Every structure is written in C-alpha cells, then in structure tokens.
Amino acid sequence: MLRNIGVLWVAAATLGLAACGGTNSPTGKVASSNQRGTLIDNPALRIASVNASDFAAQLKATASGPQLLQLAGTPACGVDFYYFKYWTVGPDNSAQMASGSLMVPTGSGTQCTGPRPIVLYAHGTTTDSAYNIANISDTTNSANSEAATIAAVFAAQGYIVVAPNYLGYDISTLGYHPYLNGSENAMVMIDALTAARAALLTTFTPNTSDNAKLYITGYSEGGYVAMATVKAMQAGGDPVTASAPASGPYALEAFGDAIFFGQVNIGSTIFGPLATTSYQHAYSNVYSQTSDVYSSTFASGIDTLLPSATPIGTLFQSGKLPQTSFFDSTTPTSSTGIGAVDAAADQLLAIPTSPPYSASQAALFDLGFGNPYLVNNTYRVAYVDDAVINGDEAEMTLIGGGTLNSGNVALAATSMIGLRKDLAMNDMRSGGWSPQEPMLMCGGDQDPTVYFQNAQIMAALWTPFVTGGLVSVLDLNGAPQAGSPFAPLQVALQQTEAQLIAAGGPSAVASFHATEAPFCLVAARGFFAVVP
Amino acid sequence: MQKKIMTLAVGTALALATTGAFADDGGANTVRLGVYFVHFDANATDITGPYVPPGLNVHLNNVETLYLAYVRTLSTHFNAELAVGYPPLTKTEGRGPATLGSVRYNGQVISTARWLSPSLVINYVFGDENTRLRPYVGVGVNYTKFLARQSTAAGNAASGGPTSISLPSSVGPTATAGLAYELAEHWHLYASYSVARVNSKLTATTAGLVRTSNIHFWPNTLVVSAGYSF
Chain A
-11 MLRNIGVLWV AAATLGLAAC GGTNSPTGKV ASSNQRGTLI DNPALRIASV NASDFAAQLK
49 ATASGPQLLQ LAGTPACGVD FYYFKYWTVG PDNSAQMASG SLMVPTGSGT QCTGPRPIVL
109 YAHGTTTDSA YNIANISDTT NSANSEAATI AAVFAAQGYI VVAPNYLGYD ISTLGYHPYL
169 NGSENAMVMI DALTAARAAL LTTFTPNTSD NAKLYITGYS EGGYVAMATV KAMQAGGDPV
229 TASAPASGPY ALEAFGDAIF FGQVNIGSTI FGPLATTSYQ HAYSNVYSQT SDVYSSTFAS
289 GIDTLLPSAT PIGTLFQSGK LPQTSFFDST TPTSSTGIGA VDAAADQLLA IPTSPPYSAS
349 QAALFDLGFG NPYLVNNTYR VAYVDDAVIN GDEAEMTLIG GGTLNSGNVA LAATSMIGLR
409 KDLAMNDMRS GGWSPQEPML MCGGDQDPTV YFQNAQIMAA LWTPFVTGGL VSVLDLNGAP
469 QAGSPFAPLQ VALQQTEAQL IAAGGPSAVA SFHATEAPFC LVAARGFFAV VP
Chain B
2 MQKKIMTLAV GTALALATTG AFADDGGANT VRLGVYFVHF DANATDITGP YVPPGLNVHL
62 NNVETLYLAY VRTLSTHFNA ELAVGYPPLT KTEGRGPATL GSVRYNGQVI STARWLSPSL
122 VINYVFGDEN TRLRPYVGVG VNYTKFLARQ STAAGNAASG GPTSISLPSS VGPTATAGLA
182 YELAEHWHLY ASYSVARVNS KLTATTAGLV RTSNIHFWPN TLVVSAGYSF
C-alpha cells in the first residue's frame, strides 16, 4: 500500500511539475505579404537610444562632431534609431527586400514628443554594398557619418527621419544599385515612407506620431532622388509639404555632356560605372558588351564591380578602377566627315585649358585625363559627336557663355547614344513637371563633384516659380545677401573652405562637395521651419 | 535523446518502487522534503549577433527552492535517488557597460526563466544500518529544461524591441556528497552538496534578428532535507 502510494506520489509530482508551461515573451510579427511598402518585422528593431546630452557627448568625442554640433545646434531631443526592413519593387517590377532607418526624437520637450513632422531623406552615392544608414552604433560603417549628420540636424531637433538604404545595399539582393534611375528610386523612397509610418505605430515612444507634414531632402545622389521623389509623389497625388534637394545632378543630360566635353568631375570613375550598370539593367541599351564603353584595361567585370564589399581605395589600388582618369590623356579626334561637327567635337574633346577655364577649374578637369583611363576613345568620340549634333540646349548655352533662361534649357530633341537617351529619360527636366510646393535647391558653385549648373538649369526652367517664390536657390559659395537667413551659413561655409585651401592647397577644393553637405542640410531645416 | 533519458529515469524510479526491498532504517523507500540553495557558477560567452556591441554578457542570480526526492535503498551501501526542485524563477542580469547608448544594461534584470532539473543519482552510503550518521557520495545524470522564458522590459529595451528567448534543454553529469542522520526509526535528516553540469545556448530573437550566447552553468547546490522511510 505504502509502496503504491509512493509510486503514485512520484508520478503525480512529475506530472505536476511538467505542467509548468514553456511560455515565452511575445515577439513581433513577420509580414506575410510582399506588397510594396509592407513593413517586414513589426515592431522594427531599435538599434540605439540616446538622450540629448549623451548624443551631444558622443558627437563631441568624434573628429568632425564638434563642428557638426556648432552647425546643427545642441541636441534638443534624444534620438531612438530604428532599423526596418520592407518590401519594394525593382526596375523589373519584381518584389525586392530593402531596409532603412527610422529616427524618432525622444525626450520630454514639446518639440520632442507628440505629433512631429517627417523628413524623408535620400543619401548620397556610395560604393559600399554594406552601407546601412540605420547602423548608428557602428562607427566603421561607411554610413555612420551621414547618419550622425541627419540625426544631429533633424532628429535631435524634433523631426522624425526616414532614410532608406536604396536597392543594392545592406540586405538588398538585387545585385546592383539602380543609380540615377529617378522613377525607381522614388518608388524605393515612397515605399520606405509607407513602411516607416507603420513602424512608427509600435516604437518605444507611442506618444510620438506623424503630424502629416512631410519634408523631402537629400544630398548629392540623394538630392537627385529627393527631387525625383517629389516629382513622383506629386504625380501620384501624395502630399508633400516642402522639399530641399541639395547638390544633386538634376539636369543629367547636360551634366553628362559637360563631363564628356572634358569637364570631368571628381568621382567620375565611380559615377560612370554605377550609371552605366544601372541603365543597362533598366533599358538594355548602353552597350552590347562593356568594352563598347570601357577601355580594355577595365572593361572586364566592371558591370558587377559596384557596389562592393571591397573598399573603394582597395579597388583603386588593385587596378579595378582608375582613381581619377576618366578619359585618355591622348586626345582622340572626331571623324564624322561633317566638317562643322568634327571641328566642334575636336574642340570639346581637347583637354581643358586655362583660359577659357580658370586655372583651378582646368587643374581639376585635367585630373580626369590619364593612362590607363576608364572610357575608351571610340565611345567618347561617339558620345561627343551625338552631343554636338543633338545638343542639349542648356549645355550648349553654358558652353557658349550664354545666360540660362526658361527658353534655352531644353533637353536634346533626340539622341543616338543609349546612355544619352537614358540620361535624358531620367533628367529632371523631362516630363514637363514643376514643383507644386516650396522647394529650396542648395548647392555650391565651387562644387567640383556635382556642378552647380544642375540647380541653375532647373531654376532657369522654372523661372516663373522662382520669381513667384515657390522655388528658391541657395549658392553657398555666392555672395551673402544682407538680411538673407542663409547669409550666416554662406559665411561659415566659405570660411571653412578657405581654411581647407589654406591647409591643403588648391587641391583641397576636391573635398568641397562633402564639406558643403551639412551646411545644405541645415539650410534645408531652416527652410522647412518657415514654410507655411 | 533527452526525452528518452528522462523517460528512462522516471521509469527506473517507478520500477524500483515496486520491486522487493532491502529493509533499511524503517523501509526501503524514502521520500525527502527540503530546500535547495542554488549558486550558479555560470560562464557565458559574450552575446553576439547583429548590432550587438562587444562586451555584453550575463549573470544569473542565486535561487532557493523546494527540494523533493524519492530514494530507493538497493543494498546496505547503495541507493538510487531521484531528486527534483520546484522550478525556481531565475533572474538573469546584464553584465557589461553601464549603458547602451542611454539604455541601462549592467545590473538590469533582462530576462527570467524557470527550470525543471531532475537528477538521478546512485549513492554509496558509508557505515551500516546501525550507524546513526552515515556519509554518502553519489554520481548520476541531470536533465534541465527551461520553462517560462521571458524577456523583461529592461531586456526588451536593451535588445531593441520585444524579444523571445530560447534555451534548449541540457543533459549532463552530476555528483553529490552528503550526510544522513537518523533521528528515529523512520526519520532522517540530510545535508548534501551537489554540482551538475548544465550547458545551453541562449538565443534571443528581436525583430527577426538573432543574438546568442553559450552559457555553461555549474549549479552548486546545498540541500537540507528531512526524510521518511517506509
């Protein structure tokens, strides 16, 4: 009897203990749909959370942080940095996974909580396939500086920031980046905004919400993408409060023509392969084989080279790309047989000199010529011939020393070169559109990477809107105007660039494009603050 | 494999309870009731995974819980002990930087779990039935299953969002040394010290991202109990 009781007791005890269930903490949901704009993991992952004073302290501890703090101002809010994954579409309309950053202001200040405006930010050109603007915690990630800048300028001052990584970067498996493909990158931006708005509902700060004001900005490639996004959202009837594209290659055809005419920009050996790969995937009309465009030294594999997990410096050193030599230093000649065309083309094919360019301009352009060189002479001549025969009005006006106005900035009527057609298709002058909400185009006329002519051409095209005050242009290198709210920024930027020249000599101008970025973003913030 | 071992252990205990007994101190069957005092001698690898800064580790707090055991006397010198504790709530604290950004980490309770940890031990008992105080030593096998794994609010804040915790079960050796003191014909007092090896892999999943740490526990256990033999 006692033995049986013992058996029953052990059995009962074992069963009773086994009834202590294995429950676990609830975790998020994973979306089952891959429709555009779907947030994949909800809630999104918060990578980092800093209060205002800790953020200021962390910025002060970095090399460029003190200057950024001086420019952006002391953080009024803390920032929560989220990483989100979402679905978008590729150029072939296939479902593509992408990622981005959601930065949410935190703190008890009135500008840090409650309904807040959103800044949709487009980042600049990068060759790093691991670029992740959400990963603020990793100072070795190439996106860290840009992430810190937009956090300091916008999020720490009360703006919710949404910044996608674009296709081709971070977790994207597309295999390339649809560089300067306006409509494609606009979709990526719009889908990121949709997903981020969903993520905003399940953050650690449920009291912070979208107040329906949307500002769009970006720098360099991001300036172009920002403008393309405004264009796409207007076409779709989606509200945009204001925009501030900065230092972007908006007038792509004119910009491309300028480069092929010898005004080679800093970064051309990176931008060129990114663009030709992007357009070849989208339109299949740039080349039959890469050697149609590129010299035999670099043609093999150039269509899969960028973006890359290998640092760009290593790619240069290992001979995968030339650092600056875009064209052959031995000048080719045109041979269409049409005298006027050949004469004009030969003049444009020549290595730039001073005059007509300034000494510093000529010195910069000349960096784009050498041996080994990236673009083969046959292709360059064909491009220049086409640009002479089918001229881009804006570029022809500039070359001729004329003044841009709304009547002389049209795109070429046609083109026989696939790349030129693609540039025209993605040129922001195409489509006959204009901004319907306030737009500020910021840049610098000393920018050696993305020429200020891009903003000037768009402003000329939109002359009535500039006159009416809807569209503004800010030249950071221009003479500060008394009473202008941007005058202090212009003064500060010009002082900074003068210091760079004093320390590094004339070649320091090569860094101006990067130097101007935070100044344009602060200008954008000031612009957004006064827009009705 | 672990289910088979657990089944074997329980089955063995049940079988032993129904066989013919060596009469010992009032009976071949003994049930014990007491208290476990558990000190975790835990050694964990730093947590690794996406967006995890270096140097993040964990610490387990000591616990006390109810001790239950059934002992079957096999001979004058041998017995078999099946022991289990009421699943205690174990708190895991963060170890590492004071804060992650501005989120507190070191010393924060980041997760809790209960664990069911039966051990089957074969003991050698010194002396004979007429000896009042009998030391014993034993070796056996421990099975540990983690239950009710929860990430706390502090854990979610450190991880970056709602987090699910996974800790697979463990099977490992255990050893014990103790003293049995006869109070009366059917009653004994026991005090023992045991150590077991428990290995598990902590997996924390937040927003689809997985972070892990390999944890090696060496629960050092002091047991004080009373037993009734029949």
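The listed protein sequences correspond, in order, to chains A and B.
Reading the first sequence from the start, the letters are residues -11 to 520 in the numbering used here.
Reading the second sequence from the start, the letters are residues 2 to 231 in the numbering used here.
Note that CB positions come from ideal geometry on N, CA and C, so glycine has one too.
As the structure is a computational prediction, the values presented were derived from the model and not from experiment.
Subject >> Counted within 10 angstroms of its Cβ, other Cβ atoms place B/Val211 as buried (16 or more) or exposed >> reply: If you draw a 10 Å sphere on the C-beta of B/Val211, you find fewer than 16 other C-beta atoms in it, and that means exposed.
Original post:
Which runs of the beta strand (DSSP E), 3 residues or longer, sit entirely within the segment 62 to 92 of chain B?
Top reply: DSSP runs (the beta strand (DSSP E)) wholly in the segment 62 to 92 of chain B: 64 to 74 and 79 to 86.
**OP:** Could you tell me which residues DSSP puts in a beta bridge with A/Phe72?
**Re:** A/Gly88, per the DSSP bridge assignment.
**OP:** Name the two residues that bound the continuous beta strand (DSSP E) containing A/Met429.
**Re:** Note, A/Met429: beta strand (DSSP E), Met427 to Gly431.
Original post:
For A/Pro452, does the three-state DSSP call read helix, strand or coil?
Top reply: Three-state result, A/Pro452: helix.
Original post:
Who are the neighbours of B/Leu210 on chain A, taking C-beta pairs under 9 angstroms?
Top reply: Simply Asp29, Leu33 and Tyr71.
**OP:** Taking A/Glu528 and A/Thr113 to be in contact with their CB atoms under 8 angstroms, please state how far apart those CB atoms are, rounded to whole angstroms.
**Re:** Nothing can be reported for residue 528 of chain A: it is not among the residues displayed for chain A, which extend from -11 to 520.
Original post:
Going along chain B, which residues have a C-beta under 9 angstroms from A/Ser21?
Top reply: Close to A/Ser21, with beta-carbon spacing below 9 angstroms, lies no residue of chain B; the smallest spacing is near 15 angstroms.
Subject >> Length of the line joining the Cα atoms of A/Phe259 and A/Ala350 >> reply: Answer to the nearest angstrom: the Cα atoms are 20 angstroms apart.
**OP:** Check the DSSP bridge columns for B/Thr177 and list the partner residues they point to.
**Re:** Partner(s): B/Gly139 and B/Ser195.
Original post:
For the alpha helix (DSSP H) that contains A/Val397, what are its first and last residues?
Top reply: That residue, A/Val397, is in no alpha helix (DSSP H); it is neither H nor E in DSSP.
Original post:
So what does DSSP say about A/Asp291, is it helix, strand or coil?
Top reply: In this structure, A/Asp291 counts as helix in the three-state DSSP scheme.
Subject >> For A/Ser296: DSSP bridge partner residues >> reply: Its beta-bridge partners are A/Asp116.
Original post:
Does B/Tyr106 get closer than 9 angstroms to chain A when you measure Cβ to Cβ?
Top reply: It does not: the Cβ of B/Tyr106 has no partner Cβ on chain A nearer than 9 angstroms.
Subject >> Exposure of A/Lys409, with buried meaning 16 or more beta-carbon neighbours within 10 Å >> reply: By the neighbour-count criterion, in which a residue is buried when 16 or more other Cβ atoms sit within 10 angstroms of its Cβ, A/Lys409 is buried.
Original post:
In terms of residues, what are the limits of the alpha helix (DSSP H) holding A/Ala263?
Top reply: Residues Ser256 to Tyr271.
Original post:
Quick one: which chain B residues come within Cβ less than 9 angstroms of A/Asp42?
Top reply: What A/Asp42 touches in chain B: Thr100, Gly102 and Ser103.
**OP:** Classify A/Thr161 as buried or exposed, calling it buried when 16 or more other Cβ atoms lie within 10 Å of its own Cβ.
**Re:** So A/Thr161 counts as exposed.
Original post:
A/Ile387 lies in the alpha helix (DSSP H); which residues open and close that run?
Top reply: That run of the alpha helix (DSSP H) goes Glu381 to Ile387.
**OP:** Could you list the residues in the segment 153 to 166 of chain B with a C-beta less than 9 angstroms from some C-beta on chain A, going in chain order?
**Re:** Those would be Thr153, Gly156, Asn157, Ala158, Ser160, Gly161, Gly162, Pro163, Thr164, Ser165 and Ile166, in chain order.
Subject >> Distance between beta carbons of A/Phe515 and A/Leu59, contact taken as under 8 angstroms >> reply: 15 angstroms between Cβ atoms; not a contact.
**OP:** Name the two residues that bound the continuous alpha helix (DSSP H) containing A/Val218.
**Re:** Counting along the chain, the alpha helix (DSSP H) containing A/Val218 begins and ends at Glu209 to Ala223.
Original post:
First and last residue of the alpha helix (DSSP H) that includes A/Leu509?
Top reply: For A/Leu509, the enclosing alpha helix (DSSP H) covers residues Phe500 to Val518.
**OP:** List the residues that DSSP assigns as beta-bridge partners of B/Leu210.
**Re:** Beta-bridge pairing links B/Leu210 to B/Thr207.
Original post:
Measuring CA to CA, which of A/Thr190, A/Asn153, A/Tyr164 and A/Ser499 is closest to A/Gly206?
Top reply: Of A/Thr190, A/Asn153, A/Tyr164 and A/Ser499, the residue nearest in Cα terms is A/Asn153.
**OP:** Go through its chain and collect everything with a Cβ distance to B/Ala70's Cβ below 6 angstroms, but skip five positions before and after it.
**Re:** Within the same chain, Cβ atoms closer than 6 angstroms to the Cβ of B/Ala70 are found at Arg33, Glu82 and Ala84, the five residues on either side in sequence being excluded.
**OP:** Quick one: give me the first and last residue of the alpha helix (DSSP H) that A/Leu27 is part of.
**Re:** Run containing A/Leu27: none; DSSP gives neither H nor E here.
Original post:
Could one say the Cβ of A/Asp158 lies closer than 9 angstroms to chain B's Cβ atoms, at least one of them?
Top reply: Interface flag for A/Asp158 against chain B is unset, since no Cβ pair is found closer than 9 angstroms.
Original post:
CB A/Val213 to CB A/Val510, shorter than 9 angstroms?
Top reply: No, Cβ-Cβ distance for A/Val213 and A/Val510 is not below 9 angstroms.
Subject >> A/Gly66 at chain B interface by Cβ criterion, 9 angstroms >> reply: Yes, A/Gly66 lies at the interface with chain B (some Cβ there is under 9 angstroms from its Cβ).
Subject >> Segment contact, 8 angstroms Cβ cut-off, at least three pairs: the segment 125 to 145 of chain A with the segment 64 to 82 of chain A >> reply: When Cβ pairs closer than 8 angstroms are counted between the two stretches, the segment 125 to 145 of chain A is seen to touch the segment 64 to 82 of chain A, the count reaching three or more.
Subject >> Contacts of B/Pro169 in chain A (Cβ-Cβ under 9 angstroms) >> reply: Residues of chain A passing the Cβ test: none, with the nearest at roughly 11 angstroms.
Original post:
Within 9 angstroms (strictly less), CB to CB, does B/Pro54 reach chain A?
Top reply: Chain A places a beta carbon closer than 9 angstroms to that of B/Pro54, counting this residue as a contact.
Original post:
Is the shortest distance between the beta-carbon of B/Thr222 and the beta-carbons of chain A less than 9 angstroms?
Top reply: Not closer than 9 angstroms to any Cβ of chain A, the Cβ of B/Thr222 fails to qualify, so no.
Subject >> First and last residue of the uninterrupted beta strand (DSSP E) at A/Ser133 >> reply: Run containing A/Ser133: none in the beta strand (DSSP E); it sits in the alpha helix (DSSP H), Asn132 to Val141.
Subject >> B/Glu94 in three-state terms, based on DSSP >> reply: Three-state result, B/Glu94: strand.
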